Every structure is written in C-alpha cells, then in structure tokens.
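Contents: one structure, followed by commentary.
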Amino acid sequence: MTNRVVEGRMVTSETLAELIEGERPMEATEIEDADRECPDCSGNVISVGYMPSVTAFVTGYKCQDCEWSDKEE
Ligand SMILES: [Zn+2]
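Reminder that position 43 of the sequence shown reads as 43 in my numbering, one-by-one numbering, no gaps.
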C-alpha cells in the first residue's frame, strides 16, 4: 500500500515528501510506519525517504493527524 491519509488527504510518497520539504522531491521511497508517536498530538507518524536534490537523501517524518513534521539528513 503506497497511499496514506494525512490530515484527511490521500498522499503518495511524492506528495508526502512535498508536504515535509515544501517542494516536490526528485525521488521518493515507499511510505512506512515510523514506529513513533507525534509529540504534539500522539497521532501515528509515517516516514518517507526522498531526494530533494541529486546529492542529498532525507528521511522525513509526518504526523497523520496534525501539521507536525520532522526530517533527518
Ligand atoms: Zn500530530
């Protein structure tokens, strides 16, 4: 399953990465469960790996219920 619901909207890997990064990535991996809770609302957190540029790879985290997101480069 590649599509998830985030803040009431269906997202793909690319649109999830776009929500976290602010712009569409060059590539994105499958969405996975991050196995952690949102620090703001205790909601479920999902993660996606993506490349904002040719030389960078970022793991992004996003709460499914609120605006919280985080990323690790
Ligand atoms: Zn949350």
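All C-beta atoms in this analysis are idealised placements derived from N, C-alpha and C, irrespective of residue type, glycine included. Fair warning: this is a prediction, and the values are worked out from it, not measured in the lab.
Residue i: CB within 8 angstroms of a non-hydrogen atom of ligand 1
i	result
Ser42	yes
Asp70	no
Asp65	yes
Limits of the alpha helix (DSSP H) - the one that residue i falls within
i	result
Ile46	Note, Ile46: premise wrong, no alpha helix (DSSP H); beta strand (DSSP E) at Asn44 to Ser53.
Residue interval of the beta strand (DSSP E) (run including residue i)
i	result
Thr59	Ala56 to Cys63
Glu32	Glu32 to Glu37
Close beta carbons around residue i, own chain, < 8 angstroms, minus the five adjacent residues each side
i	result
Val48	Ser13, Leu16, Ala17, Ile20, Ala28, Thr29, Glu30, Ile31, Glu32, Thr59, Gly60 and Lys62
6 angstroms CB neighbourhood of residue i in its chain, flanking five on each side removed
i	result
Cys38	Val45, Cys63 and Trp68
With 16 other Cβ atoms within 10 Å as the buried cut-off, status of residue i
i	result
Arg9	exposed
Arg4	buried
Whole-angstrom C-beta distance between residue j and residue i, which should lie under 8 angstroms
i	j	result
Glu73	Ala56	7 angstroms
Interface flag, residue i vs chain B, CB-CB below 9 angstroms
i	result
Glu18	As a matter of chain content, chain B is missing from the structure shown, which is built from one protein chain.
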